[in-house]
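There are 2 protein chains.
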Amino acid sequence: MAFCRRRRRSSSALVLPLILLLGAFGSASAQTDPLPSWNETATKQSIVAFMQAVTDRAGSKFVPPEQRIATFDNDGTLWSEQPIYVQFAFALARVKALAPKHPEWKTSQPFKAVLDGDMKALAASGEKGLGRLILATHTGMTTDEFTRTVMDWISTAQHPRFKRLYTDLVYQPMIELLALLRSNGFKTYIVSGGTVEFMRPWTERVYGIPPEQVIGTSFLTTYRLGTDGRPVLFRQPKIDFVDDGPGKPVNIQKVIGRRPVLAFGNSDGDQQMLEWTAAGEGSRFMGLVHHTDAVREWAYDRRSHIGRLDKALDEAAARGWTVVDMKADWKKIFSFE
Amino acid sequence: MAFCRRRRRSSSALVLPLILLLGAFGSASAQTDPLPSWNETATKQSIVAFMQAVTDRAGSKFVPPEQRIATFDNDGTLWSEQPIYVQFAFALARVKALAPKHPEWKTSQPFKAVLDGDMKALAASGEKGLGRLILATHTGMTTDEFTRTVMDWISTAQHPRFKRLYTDLVYQPMIELLALLRSNGFKTYIVSGGTVEFMRPWTERVYGIPPEQVIGTSFLTTYRLGTDGRPVLFRQPKIDFVDDGPGKPVNIQKVIGRRPVLAFGNSDGDQQMLEWTAAGEGSRFMGLVHHTDAVREWAYDRRSHIGRLDKALDEAAARGWTVVDMKADWKKIFSFE
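Residue numbers (our numbering), protein chains in the order written: chain C, 1 to 337; chain Z, 1001 to 1337.
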């Protein structure tokens, strides 16, 4: 309104609003902290410095916008994975819900263990038993049916310790980091060992990450005509691809076809994704979330049966990757705190 | 410059530039034809009507921006596929280039046929022979090495009939359609029977489609540490997934996780992708490029050995899908005409 007081300032009238519009985000982020849930530690400084470097067109570390790919593990990196993976809690709930249709489960392991609440017998069934539970609850239906089942469960099921929706147990500092990356032109991806269609129904709402930017373990899917003549995609009881460890860079190449500039994980299953990211040319950022806060969340690393962080922690130390100390670096872990 | 002549127009000084900036595309497309290489036929009208319907927020056919996914076959849909698939021309050139390192090829089919220029013997080697040529020339190297080979070839190799770069043989009307879709908020994808990493090095430059929006047939790839200790992704001589026919909707689900709103193909290999697109709710657009112009390009359909269009043509007629008659609907086929 003030730009047109005098006729000789008429050229500003065109230029200034454009600058204001184009620079809107830039000035907002200069004035307010885009990472308010991070303490003012070296970790936060390394993130902010990286972001400034890759977006500084005049600097030597500039990364062209189309190359700004950031990949994040999900379980233990973006949300809690204790005491059991959320997807596994979903599988247990589905076994209970489907039991009336499967009378044979009453006498067959590992299903009997789930129905009896016998966690010891369940653990004894080992990886093979857990695999059977996953297949029995995640396959044998169309993709649309599975999506509906996930949406129904995730919108009501509660975490046993926090008595809150699982989607409340996402890490607020990481939500802020995802938003900061996107505001700086990054495409943010999830690259998870969890199965891809368990995540897609809710990642856009919770993380701002659309389905097409979610990569994960997948089941064999086949195209066929349904009974009404309409085509369906049917989920077969067979793993198609395990998106973990060396599978992560392989799947990143398969789906994205570009090497990430930034990658974040929390366990040895993310080690190769970080190595692949680190091996690219130019600016790179490799991050690990280290679970060090038994009071607000959990503390675990080298000896944990879930999200073990051992070899990757050594490699991070040897190569100078950023290790987020949850207790020291995060002012707030969950938004409800 | 004219907005500030009088003080009482100062409020326009702020508002007008914003409108001009925000509405730049909208007003431009209202005034200029975004599809100048299309004749004014029913086909063009159906495209324009679809675009208006899905973007009209007040209408019953509105499609929310995040759901605007458009998938395109590549060979025969976005560029010429005659007299042989471009990727196959690349394979033949690579056999010749690699022959000095493979003396055994002089006496072994189908390599001998390629080196002798004996197209009859090559054809006699059948699909199995062609598969061996593809594996021998597309695998056995790192992803980075393969990308460099493709870039070198595609920037120099010429089409035998037109004596031009293969990337000059893209269809100008389809380039305009891709741009129109993107200007209306669509994400444009390639979903091709061709191998994905043969396309990714040049699709952004030629079609405006970035690598992460290119889907195709893939080879098994493995992660390993190179001799210098740096990780590489190595292309193994084994097909991972055939992105053709029913494989197209399967791969669309795997990679995108959303059903397309618009899909375009040109052969029976695209039939299931169009069926899957058609089976979604709300507005849909299914298109087939029918090669009807033997003078400017080629004319072929039901009996062609490349890009056979037979069952899909019948289904298009039965279900009212849009069939582009290249000769009648396209004012210009290639930009160099």
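Quick reminder that beta carbons are idealized off the backbone N, C-alpha and C, glycines included.
As the structure is a prediction and not an experimental result, all values here were calculated from the model.
Handout entry: Residues in the region 1226 to 1259 of chain Z having any Cβ partner in chain C nearer than 7 Å
Key = Residues R1230, P1231, L1233, P1246, P1249, V1250, Q1253, K1254, V1255, I1256, G1257, R1258.
Near-chain Z residues of the region 174 to 201 of chain C - C-beta to any C-beta below 9 Å: Listed by position, the residues of the region 174 to 201 of chain C near chain Z (Cβ gap below 9 Å) are K187, Y189, V196, E197, R200.
Mind listing the chain Z neighbours of C:S218? Cutoff is C-beta to C-beta under 7 Å, in chain order. The sequence position of residue 218 of chain C within the first sequence is 218, counting from 1. Within chain Z, the residues near C:S218 are K1254.
Check: Is Z:A1318 close to chain C, meaning its C-beta is less than 8 Å from at least one C-beta of that chain?
Finding: To locate residue 1318 of chain Z, count along the second sequence from 1; it is residue 318. Output row for Z:A1318: interface = no.
Tell me the residue span of the beta strand (DSSP E) that contains C:V261. For this step, residue 261 of chain C is matched to residue 261 along the first sequence. No beta strand (DSSP E) contains C:V261, which DSSP labels as neither H nor E.
Q. Out of curiosity, what's the CA-to-CA distance linking C:L233 and C:V295?
A. Reading the first sequence from its first residue, position 233 is the one you call residue 233 of chain C. Reading the first sequence from its first residue, position 295 is the one you call residue 295 of chain C. Answer to the nearest angstrom: the Cα atoms are 44 Å apart.
- prompt: Shortest alpha-carbon distance to Z:E1040 belongs to which of Z:A1099, Z:H1290, Z:V1324, Z:F1336?
  reply: Here residue 1040 of chain Z corresponds to residue number 40 of the second sequence, with the count starting at 1. In terms of Cα proximity to Z:E1040, the closest of Z:A1099, Z:H1290, Z:V1324, Z:F1336 is Z:V1324.
(Q) Tell me which residues share the same chain as C:D244 and place their Cβ nearer than 8 Å to its Cβ, disregarding the 5 neighbours each side in the sequence. (A) On the first sequence, position 244 is the one that residue 244 of chain C refers to. Within the same chain, C:D244 has close Cβ partners G193, T217, G269.
Secondary structure at Z:V1170, three-state DSSP: helix, strand or coil?
Within the second sequence, numbered from 1, the residue matching residue 1170 of chain Z stands at position 170. The three-state secondary structure of Z:V1170, taken from DSSP, is strand.
Whose CA, out of C:F88, C:N74, C:W298, lies closest to the CA of C:Y356?
Residue numbering for chain C in the displayed model covers 1 to 337; residue 356 of chain C lies beyond these limits and cannot be assessed.
- [ ] Under 9 Å between beta-carbons, which chain C residues line up against Z:Y1085? List them in chain order, please.
- [x] In the second sequence, counting from the first residue as 1, residue 1085 of chain Z sits at position 85. Within 9 Å Cβ-Cβ: nothing; Z:Y1085 doesn't reach chain C, min ~20 Å.
Q) Which of helix, strand or coil does DSSP assign to C:D329? A) Your numbering for residue 329 of chain C matches position 329 in the first sequence. Here C:D329 carries a helix assignment [DSSP, helix/strand/coil].
For Z:V1150, decide whether its Cβ has a neighbour in chain C, counting only Cβ atoms nearer than 8 Å. Within the second sequence, residue 1150 of chain Z is the residue found at index 150, counting from 1. At a cut-off of 8 Å, the C-beta of Z:V1150 has no neighbouring C-beta in chain C.
(Q) With a threshold of 7 Å on Cβ separation, who are the neighbours of Z:M1338 within its own chain once the five nearest residues in sequence on each side are excluded? (A) Residue 1338 of chain Z cannot be examined here, being either before or after the span of chain Z that is shown, 1001 to 1337.
Taking Z:T1195 as the reference, give the member of Z:T1139, Z:A1123, Z:A1157 with the closest Cα. The residue given as residue 1195 of chain Z occupies position 195 in the second sequence. Nearest of Z:T1139, Z:A1123, Z:A1157 to Z:T1195, Cα basis: Z:T1139.
* Starting from the beta carbon of Z:A1097, find every residue of chain C whose beta carbon is closer than 7 Å, and list them in chain order. => On the second sequence, position 97 is the one that residue 1097 of chain Z refers to. In chain order: nothing, as chain C lies at least about 24 Å away.
Does Z:T1143 get closer than 8 Å to chain C when you measure Cβ to Cβ? Here residue 1143 of chain Z refers to the residue found at position 143 of the second sequence. Yes, contact with chain C.
Identify the contact partners of Z:V1214 in chain C, using a Cβ-Cβ distance below 8 Å as the criterion. As a position in the second sequence, residue 1214 of chain Z is number 214, starting the count at 1. Listed along chain C, the residues sitting closer than 8 Å to Z:V1214 by beta-carbon distance are G257.
- In terms of residues, what are the limits of the beta strand (DSSP E) holding C:I69? Reading the first sequence from its first residue, position 69 is the one you call residue 69 of chain C. Note, C:I69: beta strand (DSSP E), 69 to 72.
### Buried versus exposed call for Z:K1311 [16 or more other C-beta atoms within 10 Å across all chains shown]
The residue given as residue 1311 of chain Z occupies position 311 in the second sequence. Flag for Z:K1311 reads exposed.
Since Z:V1261 and Z:V1063 are thought to touch, with beta carbons under 8 Å apart, how far apart are those beta carbons, to the nearest angstrom? Along the second sequence, read from residue 1 onward, the residue named residue 1261 of chain Z stands at position 261. Along the second sequence, read from residue 1 onward, the residue named residue 1063 of chain Z stands at position 63. Rounded, the Cβ-Cβ distance is 6 Å, consistent with contact.
Quick check: the Cα distance between Z:L1274 and Z:F1264, rounded to an integer number of angstroms?
Here residue 1274 of chain Z corresponds to residue number 274 of the second sequence, with the count starting at 1. Here residue 1264 of chain Z corresponds to residue number 264 of the second sequence, with the count starting at 1. Using only the alpha carbons, I get a separation of about 7 Å.
Discussion item. Tell me the residue span of the alpha helix (DSSP H) that contains Z:F1050.
Written reply: The count along the second sequence starts at 1 and reaches residue 1050 of chain Z at position 50. Counted as a single uninterrupted DSSP element, the alpha helix (DSSP H) harbouring Z:F1050 occupies residues 1042 to 1055.
Q) Is there at least one non-hydrogen atom of the ligand SAH closer than 7 Å to the beta-carbon of C:L288? A) Absence of the ligand SAH is noted for the structure shown, with no ligands found whatsoever.
Neighbour flag for Z:E1104 against chain C, beta carbons, 8 Å: By 1-based counting over the second sequence, the position of residue 1104 of chain Z is 104. Under the 8 Å criterion on CB atoms, Z:E1104 is classed as non-interfacial with respect to chain C.
Can you name the start and end residues of the beta strand (DSSP E) that C:P231 belongs to?
-> One-based indexing of the first sequence puts residue 231 of chain C at position 231. In the DSSP annotation of this structure, the continuous segment of the beta strand (DSSP E) that includes C:P231 starts and ends at 231 to 241.
Mind checking which residues open and close the beta strand (DSSP E) that includes Z:F1285?
-> For the purposes of this step, residue 1285 of chain Z is taken as residue 285 along the second sequence, with counting starting at 1. If you look at Z:F1285, you'll find it in the beta strand (DSSP E) that goes 1285 to 1292.
Inset, instruction - Count the other CB atoms, across all protein chains shown, that sit within 10 Å of the CB of C:P349; report buried if there are 16 or more and exposed otherwise. - result: The displayed coordinates of chain C run from 1 to 337. Any statement about residue 349 of chain C would go beyond what the structure contains.
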